[in-house]
Structures are given as structure tokens and as C-alpha cells.
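**Q** Each position in the sequence shown, counted from 1, maps to that position plus 30 in my numbering.
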Amino acid sequence: QVQLVESGGGLVQAGDSLRLSCAASERIFRNYKMGWARQAPGKDREIVAGIGLSDDNIFYIDSVQGRFIISRDGDKNTVYLQMNNVKPEDTAVYYCAASESGGLFDTWGQGTQVTVSS
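1. Extract the residue ranges of the beta strand (DSSP E) inside the region 55-130, only unbroken runs of 3 or more that lie entirely within it.
2. Classify GLY38 as helix, strand or coil using the three-state DSSP reduction.
3. Going by beta carbon distance, what residues of the same chain come within less than 6 angstroms of GLN43, once the five residues before and after it are set aside?
4. With three or more C-beta pairs closer than 8 angstroms as the rule, is the region 70-85 touching the region 38-57?
5. Using the DSSP secondary-structure output, state which residues sit across from SER148 in a beta bridge.
6. CA-CA distance, ALA128 and TRP138?
7. Can you grab the Cα-Cα spacing for the pair LEU111 / ILE99, in whole Å?
8. Using the Cα positions of ILE81 and PRO118, report the straight-line distance between them to the nearest angstrom.
What follows is the structure, given as C-alpha cells:
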């Protein structure tokens, strides 16, 4: 049963903007903390942003702070990651993530590739 489905990845140039979407099942969207992670070739997966159930507890890693924006749309059960002023080092597979406990993320989507050319 697929519960998280990402879309919106692609090939962009440095400085461009891109918006990733994650369509979640209603059960997950209503009860889980949500986030986005990424994994670049040869590197470990890292959480880049997270958002709580009530649009609270928003956080970003330092490297995307001020450029990326995470948000939730309750009407569409969808979480977004708005990526602005992208850089080549943002190139990675981006995964939607969810956490029922509010702690570590333990539910993942299939991923969407983002490639930023210089």
C-alpha cells in the first residue's frame, strides 16, 4: 500500500525554483509529522526539513535555511517543498517522510530525482 507519493522533480539550472509535492494518505497526513529528506550519490540520506501536525515545529538544515520552504495543504493531504535559488549541491533523490511518533521518520515515499546543473 503506497502511502506517500512524491512528484515535481526534474532537471533545473542553478538559481531556479522547483516545488516538490507529496500526496499522503489521509490517515498519515492527519496523524503524522511530515518532512523531506534527500540522498545524494555516495552520501547518507539526510532530513532537510520537517513540519508538525499543526504547521508548527518547522525546521530546516542549515544548508537550505532561507531557500527552501516546507508547507502542508490540509484540503489536498499534500506536503510541499518549495526549493528556491537551487544549487548544484542540492542534486539528490528527494524523499517524502513521515513520523507517527513525532520522533524519527519511519515512513518513506519512493523518491523523486532533482538535478541542478551549474
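Glycine included, C-beta positions come from ideal geometry on N, C-alpha and C.
**A** Taking the structure as given:
1. Runs of the beta strand (DSSP E) inside the region 55-130: 63-69, 76-81, 98-103, 108-113 and 122-129.
2. Of the three classes helix, strand and coil, the one that applies to GLY38 here is coil, per DSSP.
3. Around GLN43: SER147.
4. Fewer than three Cβ pairs drawn from the region 38-57 and the region 70-85 lie within less than 8 angstroms of each other, which leaves the two stretches out of contact.
5. SER148 is not bridged to any residue.
6. When rounded, the distance between both Cα atoms is 7 angstroms.
7. Taking the straight line from one Cα to the other gives about 6 angstroms.
8. One C-alpha to the other measures close to 25 angstroms.
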